[in-house]
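If you read the sequence shown in the working numbering, its first letter stands for residue 374, the second for the next number, and so on.
By construction, the Cβ of each residue, glycine as well, lies at the ideal position given by its N, Cα and C atoms.
A quick note: this is a predicted structure, and the numbers were derived from the prediction, not measured.
Worksheet: one structure, shown below.
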Amino acid sequence: EMYGIVLYDLFTEWLSADGVSDKSADAAWNLMKNLPNTSKKEVVEYFYSDNSGELIQAAEHLGWPHGTSTPGRPSTNGLAERMVRKVKEGTRAALAPTGLSADFWPYALRHYVMSHNFIGRGRGSPSPWTLRFKRKIPQKLQLLPFGARVGYKPVPVTGRRTDVWDVATLEGIFLGWHM
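Encoded structure:
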């Protein structure tokens, strides 16, 4: 992936971001379509962006009411720019201590935004997860740092017999959660 898209829900403070290979409306649409929780009948009441053609096109395709910032007036796009900066800084902070190459930035990006959604601002405030799904984070969920060494149980290979003495877990690195 070469580019990143960052989405922010003002009400819940939910962050959504992903790496994309191009700046196309299709790439934006693939991320944007998953922002509202359609099973809970969530609706995007208003979508605000810079004048990026791919975001405008994707919002139109999704039927979202859409406004844009004023070209040449950065103050009209301050919140969006702040969220992009926050995600860039968080992604760098997640990736830096791991020793992994910069090629892992899309994984660090997704890890950072999910960590934000699980924790939020802290200090007794409900997390973006709690605000969005109206329930607490699953207790079995472990909050692990990006790149942490973990043991995992591999998926069995069909047709391969396992020996009773085979090691049950393998070592790996934690890249994020599968939700």
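Where the alpha helix (DSSP H) through residue i begins and ends
i, result
"T464", "451-468"
"G426", "426-435"
"T503", "501-506"
8 angstroms contact criterion, which residue i and residue j should meet: CB distance rounded
i, j, result
"L428", "V460", "The Cβ separation is near 16 angstroms, so there is no contact."
"H484", "F519", "4 angstroms"
Which residues DSSP lists as bridging residue i, in chain order
i, result
"G377", "G392"
"L543", "Y525"
"G440", "Y421"
Whole-angstrom distance between residue j and residue i, CA atom to CA atom
i, j, result
"R533", "A541", "14 angstroms"
"A398", "M487", "24 angstroms"
"A390", "T443", "23 angstroms"
"T503", "S474", "33 angstroms"
"G524", "V416", "40 angstroms"
"E462", "L468", "10 angstroms"
"T471", "A431", "35 angstroms"
Residue i vs residue j beta-carbon contact at 8 angstroms
i, j, result
"G392", "E374", "yes"
"L404", "H489", "no"
"E386", "P511", "no"
"K342", "Y381", "No answer is possible for residue 342: the residues shown for the chain start at 374 and end at 552."
Residue range of the beta strand (DSSP E) that includes residue i
i, result
"G549", "Looking at the DSSP string, G549 is not in any beta strand (DSSP E), and its letter there is neither H nor E."
"S422", "420-422"
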